[in-house]
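Residue numbers (this note's numbering): 1 to 142.
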């Protein structure tokens with residue numbers, strides 16, 4: 001196996017894992033949002049701080065879902081451009097291939113940045129919801 005084959009194989013694994021991780025975070029975010037709304041239905045009174053944590057959690061989780069969808073769209077654009085590059089190489093038409101490569105490289109970097117933002121906002125939203133729950137059940141926990 002050549003180094004290029006190994007690189008291609010690991011690159012395919014990386015692409016697959018990014019998609020799986022993105023989908024998992026979106027799924028968890030939707031579930032967490034549903035849990036937060038259900039929790040709100042079951043609690044009669046929230047303190048001022050609980051309301052702040054609730055709204056911060058909801059907003060951050062929605063932002064995370066939005067960035068997750070953006071990651072999906074960005075990846076699709078990147079795959080489309082990569083397919084165009086492969087087609088141009090196959091047909092020998094090299095017009096604009098360098099521009100396409102630069103655009104694909106930029107989309108790849110954007111995808112990773114969006115993914116990091118997606119995970120970060122999800123984690124902070126999760127922590128806000130966790131604090132909200134801990135405040136609610138502090139008497140039962142302590």
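The beta carbon of each residue, even a glycine, is placed where N, CA and C say it ideally should be. If you're wondering where the values come from, they're calculated on a predicted model, not measured in any experiment.
Distance, Cα to Cα, residue 68 vs residue 141? Looking up residue 68 in the chain shown gives position 68. Looking up residue 141 in the chain shown gives position 141. One C-alpha to the other measures close to 34 angstroms.
Reducing DSSP to helix, strand and coil, say where residue 3 ends up. In the chain shown, the residue the question calls residue 3 occupies position 3. Helix, per DSSP.
What is the residue span of the alpha helix (DSSP H) that residue 87 lies within? Reading the chain shown from its first residue, position 87 is the one you call residue 87. It spans 48-91 - the alpha helix (DSSP H) in which residue 87 sits, taken as one unbroken run.
On a Cα-Cα basis, can you pick out the residue from 136, 78, 86 that is closest to residue 109? Residue mapping note: residue 109 aligns to position 109 of the chain shown, counting from 1. Ranking the options by Cα distance to residue 109, first place goes to 78.
Element boundaries [alpha helix (DSSP H), containing residue 101]: One-based indexing of the chain shown puts residue 101 at position 101. That run of the alpha helix (DSSP H) goes 97-136.
Beta carbon of residue 11, beta carbon of residue 71: below 8 angstroms? Here residue 11 refers to the residue found at position 11 when the chain shown is read from its first residue. Here residue 71 refers to the residue found at position 71 when the chain shown is read from its first residue. No, Cβ-Cβ distance for residue 11 and residue 71 is not below 8 angstroms.
For the structure I just gave you, are there three or more beta carbon pairs, one from the segment 26-37 and one from the segment 52-61, closer than 8 angstroms? yes
Contact check, residue 47 vs residue 133 under 8 angstroms by CB: the rounded distance? Taking the first residue of the chain shown as position 1, residue 47 is located at position 47. Taking the first residue of the chain shown as position 1, residue 133 is located at position 133. Contact between residue 47 and residue 133 fails: their C-beta atoms lie close to 13 angstroms from each other, not under 8 angstroms.
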